[in-house]
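Numbering of the sequence shown is given in this note's numbering, commencing with residue 142 and proceeding in unit increments.
Positions of the beta carbon are idealized from the N, C-alpha and C atoms, including for glycine.
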Amino acid sequence: MTTHLDDTARTAGPADTAAWSPPQEPDAAPAPGPGEPKRPLAARIWRGRPEDPRWARPAFLGLLLATCVLYLYNLSASGYANSFYSAAVQAGSQSWKAFFFGSLDSANAITVDKPPAALWPMALSVKVFGLNSWAILVPEVLMGVGSVAAVYASVRRRFSPASGLIAGAVLALTPVAALMFRFNNPDAMLALLMTVACYLVVRALEDGRTKWLVWAGVAIGVAFLAKTLQAFLILPPLAIVYAVCAPVPLRKRFSQLALATAALVVSGGWWVAVVELWPASSRPYIGGSQNNSFLELTFGYNGLGRLNGEETGSVGGGGGGTGQWGETGWDRMFNSEIGAQISWLLPAALILLAAGLVATRRRKRTSVTRGAFLVWGGSLLITTVVFSFMAGIFHQYYTIALAPYMAAVIGMGTGILWEKRSGIRASLTLAAASVAAAAWGYVLLNRTPDHLPWLKWLVLVGGLAGALGLVFAGRLPRRLALAAAAVSVLAALAGPTAYTLSTVDSAHTGSIPTAGPAGASMMGGGRGGPGGGDGGFGGGGPGRQGQQGQQGQQGQGQQNGGGLPGGTPGQGRTAPGGQANGDGGRMGGGGAGGLINGATVTDEAKKLLGADSEDYTWAGAAIGSQNAASYQLATGDPVMAIGGFNGTDPSPTLAQFKQYVADGRIHYFISSGSGGGGAMGGGSGDGTSAQITEWIEANFKQVTVGSATFYDLTQETTG
């Protein structure tokens, strides 16, 4: 049996390889000696490190292949997924200016409410392969596979191959990860880059080389261009751990951190500088801001507003512990809104994190093993705390950010405790983690009693049986000890695996997708709010993830973001308290349904907008980005989103819109029939969206197409 980790080594060997290897495992092939020819690339890819057991690299490659196949399964069922971002991807594939700014439309009226980095891979894919579901979503799948690889690589460097495989499997089978690595929100890129940043910091802790820390700064800087300030959540633990634990003199540590900070500023700030210096008159309006400033968007709506609930232009925050975005508090990650998305193994991860820190407490300051626990564990804790108490806009899918950190901690914790299993404290702690995973898995599965009702008992009994075996793991024959460990791992992963399989087997559209079967994400507090389904606001009572919506119509360009090009039917989910997403061509009404899910576009509406569209800058205009995106994706022509995502951005002004109409640049205005265009905050009062709507309704000819109402902006009424 090999000893544990040499914290002075740049790359540690496997921990307890023999204990994790199958019986009769042949000796690992020796590394090439001096003067010996280097192994062919294919052999190195397949075999991996010479010191690894022969099964290690094939198992790792098998994990990546299985993850890729799992995430690709049924991928096109979600169609355009979030039509808000898909429309921006479409625009970016048509216009390099729209690509650079992240514009919602190729005519560059307004941007999405995030920086554009997450859109760039999808836009390039669409530019090459055309606009379709796979071209949009496959880049997200590849980000998921890359995240699994990065977690495995980081854990494997300090622990055994089995520890890395456990970490990778935990990430791949976390329901919210399976959701978001198959969806086109910015969170997939953010999760990948945060994972890579942690990996690079651990690499830097091994030998104190500056390049790893600088590259970590670059990764976080690019992550900022995916989802702004959320990328900075883990900066405090990463910087503190490196400042304390790096194996170089103190002065050099601080100079390296300064260089990494500079790399972060350059990699994340170059785009910001260009946008802020670019004349506002020749670029699109910055969506989500109130004064056409990306900095205001970053520190307001997407920054402090998310923490305190005071997002200017938002549909409303939480505040005070409860609100539209759910209850806040220490147990938020475990409640009925969030728990089934991420928390399956979170109790076990916390136990294993504490155990890992205790086990390494006497190691020297530069211990890389302890540093790895601090990097991944610190990232897990700080993100959990912020998510638990933020009072502003919060959606269940944000918790994908926790998945890589949790997976790495579980892999490392099981690895270090398995090595020490001959000691009673280590074996009892392993057993405690197994019991925690089984017991909490039972609780989560019991929240959806109609979904695989037998599974909760299998998880509970299997976890307890495995835990009993782990108590005596140091005294049992190796085969029995491995069997107990295998039973514990399988029981722990059974619940999230079932929810993950349910996730990949379902279509997900709109702006607020959730993982798992129907009812897996209940809105607490006894009040309507952002629904647990794939978008939508409740109409009364706790929101609930509904069953599958009606099938989209054949030939329909898009059904609430879910229809496929060429007429493939899409599927939506029922908005809590509301109607199925496939309803007859209507928008979501005057409430947030139109904001979250967009519109169903009928063949008649598509034909109307497409007529002579080449003669106009915008074929149409609609209140709210989701509504505009739905029509744009269906027709392929630019559609202006008045007021941005929420319909509350002051763009365009009434005067600007009148000038566009006078210049003949907009053909139709698409109304929701709610008197204000369906925008939250724009449906009445003095908001820009309301002013534009009132002016149009008073001055232009109304055209009814099915259940949708259009106004022809080239035909003024005479009355």
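Can you tell which of the options has the C-alpha that lies nearest to the C-alpha of residue i?
i: residue 333; options: 291, 754, 301; result: 291
i: residue 849; options: 224, 221, 740, 557; result: 740
i: residue 574; options: 588, 597, 612, 539; result: 612
i: residue 479; options: 336, 607, 660; result: 660
i: residue 183; options: 194, 773, 199; result: 199
i: residue 303; options: 546, 352, 554; result: 554
i: residue 874; options: 628, 436, 311; result: In the structure displayed, the chain extends from 142 to 860; residue 874 sits before or after that span and is not available.
i: residue 246; options: 394, 401, 428; result: 428
i: residue 370; options: 256, 510, 338, 248; result: 256
i: residue 633; options: 243, 485, 203; result: 485
i: residue 521; options: 841, 542, 240; result: 542
i: residue 567; options: 497, 789, 389, 641; result: 497
i: residue 767; options: 804, 254, 358; result: 254
i: residue 424; options: 217, 240, 197, 403; result: 240
i: residue 215; options: 277, 265, 323; result: 323
i: residue 351; options: 390, 565, 326; result: 390
i: residue 588; options: 608, 475, 359; result: 475
i: residue 249; options: 279, 346, 781; result: 781
i: residue 857; options: 799, 831, 846, 847; result: 799
i: residue 565; options: 614, 592, 533, 195; result: 614
i: residue 289; options: 787, 547, 855; result: 547
i: residue 847; options: 578, 749, 763, 830; result: 749
i: residue 600; options: 579, 592, 606; result: 579
i: residue 516; options: 377, 445, 348; result: 377
i: residue 284; options: 569, 545, 192; result: 545
i: residue 625; options: 606, 267, 786; result: 606
Quick test of your reading: residue i and residue j, contact by CB under 8 Å. State the CB separation rounded to the nearest angstrom.
i: residue 294; j: residue 226; result: Not quite, the Cβ-Cβ distance comes to about 29 Å (not below 8 Å), so this is no contact.
i: residue 493; j: residue 550; result: 6 Å
i: residue 213; j: residue 282; result: 6 Å
i: residue 649; j: residue 222; result: 6 Å
i: residue 252; j: residue 426; result: 7 Å
i: residue 320; j: residue 656; result: 4 Å
i: residue 531; j: residue 448; result: 5 Å
i: residue 608; j: residue 630; result: So it is not a contact: roughly 12 Å between Cβ atoms.
i: residue 761; j: residue 829; result: About 18 Å separates the two Cβ atoms, so there is no contact after all.
Quick one: using the 10 Å Cβ neighbour count with 16 as the cut-off for buried, is residue i buried or exposed?
i: residue 206; result: exposed
i: residue 356; result: buried
i: residue 385; result: exposed
i: residue 173; result: Legend: pLDDT at residue 173 = 49, less than 50; position of this residue unreliable, value from coordinates given subsequently. Exposed, since its Cβ has fewer than 16 Cβ neighbours within 10 Å.
i: residue 563; result: exposed
i: residue 307; result: buried
i: residue 560; result: buried
i: residue 503; result: exposed
i: residue 186; result: exposed
i: residue 432; result: exposed
i: residue 616; result: exposed
i: residue 621; result: exposed
i: residue 417; result: exposed
i: residue 181; result: exposed
i: residue 833; result: buried
i: residue 794; result: exposed
When the Cα atoms are used, what is the spatial distance from residue i to residue j?
i: residue 636; j: residue 643; result: 11 Å
i: residue 365; j: residue 619; result: 47 Å
i: residue 443; j: residue 201; result: 37 Å
i: residue 668; j: residue 477; result: With a pLDDT of only 29 at residue 668, under the threshold of 50, the placement of this residue in the model should not be trusted; the figure read from the coordinates follows. Computed Cα separation, rounded: 13 Å.
i: residue 440; j: residue 434; result: 10 Å
i: residue 230; j: residue 237; result: 11 Å
i: residue 501; j: residue 273; result: 50 Å
i: residue 495; j: residue 374; result: 21 Å
i: residue 234; j: residue 361; result: 26 Å
i: residue 752; j: residue 759; result: 12 Å
i: residue 771; j: residue 802; result: 22 Å
i: residue 865; j: residue 413; result: Nothing can be reported for residue 865, as the shown portion of the chain is limited to 142 through 860.
i: residue 380; j: residue 398; result: 7 Å
i: residue 646; j: residue 773; result: 28 Å
i: residue 218; j: residue 387; result: 47 Å
i: residue 312; j: residue 329; result: 13 Å
i: residue 534; j: residue 194; result: 48 Å
Entirely enclosed beta strand (DSSP E) segments - the segment 581 to 638, minimum 3 residues = Correct list: empty.
Within the segment 746 to 793, ranges of the beta strand (DSSP E) (whole runs, at least 3 residues) = If we require 3 residues or more, the beta strand (DSSP E) runs fully inside the segment 746 to 793 come out as 759 to 764, 780 to 783.
task = Return the chain-ordered ranges of every alpha helix (DSSP H) run that is complete within the segment 293 to 381 and spans a minimum of 4 residues.
result = List check, alpha helix (DSSP H) in window: 302 to 313, 316 to 321, 328 to 348, 351 to 368.
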